[in-house]
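Participant: Can you read through this structure? Questions will come right after.
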């Protein structure tokens, strides 16, 4: 191996180690240290080996400040992971209304579908995340959208026994 190739290999290993550290900062919600690396030009849309972006991990783990910071640095709220899931779908599943609203206000599509046709509203409804159901409906989510199997958010909520979601959807 030439000296140049050796330097390149060392640099690649260092970059991978740095990326892993940044993903860990995001998972832990260490917004101050995250700000430091973003200020130095670290890419806000970096994705891991599963396609999860920094924004996906910050929002899914409930770290509002880190989510807001990443959006400030240009993270794309519509960047999908390898399973074609959006950050909003993950947040809807988890039930974090505050982060869901932040993502929507920064351009997340409330009606984006996964490959099997599920929307954020469907995830929120299935897991009885009523605050997020209310938010998504208020922000224009299509309550009549159907999955590839022809199921609506109401049908999915009924299948999961999500009684509070069923009540909300029945009056929407």
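In my numbering, the protein residues as written are 15 to 186.
For each residue, glycine too, the CB sits at the ideal point set by N, CA and C.
1. Looking only at its chain, what residues have a beta carbon closer than 7 angstroms to the beta carbon of residue 144, apart from the 5 residues adjacent to it on each side?
2. Grab the span of the alpha helix (DSSP H) containing residue 80 for me, first residue to last.
3. Going by other Cβ atoms of all chains shown within 10 Å of its Cβ, with 16 needed for buried, is residue 80 buried or exposed?
4. For the alpha helix (DSSP H) that residue 91 lies in, which residues bound it at each end?
5. Out of 120, 101, 121 and 163, point me to the one whose CA is closest to residue 138's CA.
6. Helix, strand or coil, according to DSSP, for residue 253 in the structure here?
7. Could you work out which residue in 104, 49, 63 and 47 is closest to residue 75 when comparing CA atoms only?
Facilitator: Taking the coordinates as given:
1. Sequence index remark: in the chain shown, residue 144 carries index 130 (1-based). 178, 179 and 182.
2. Numbered from its first residue, the chain shown carries residue 80 at position 66. Looking at the DSSP string, the run of the alpha helix (DSSP H) that includes residue 80 is 78–86.
3. The count along the chain shown starts at 1 and reaches residue 80 at position 66. Only buried fits residue 80, as 16 or more other CB atoms lie within 10 angstroms of its CB.
4. Residue numbering aside, residue 91 sits at position 77 when the chain shown is read from its first letter. Looking at the DSSP string, residue 91 is not in any alpha helix (DSSP H), and its letter there is neither H nor E.
5. Sequence index remark: in the chain shown, residue 138 carries index 124 (1-based). Looking at the Cα atoms, 101 is the closest of the given residues.
6. Outside the modelled stretch of the chain, which goes from 15 to 186, sits residue 253, for which no answer is possible.
7. Walking along the chain shown from the start, residue 75 turns up at place 61. Measuring from the Cα of residue 75, the nearest candidate turns out to be 104.
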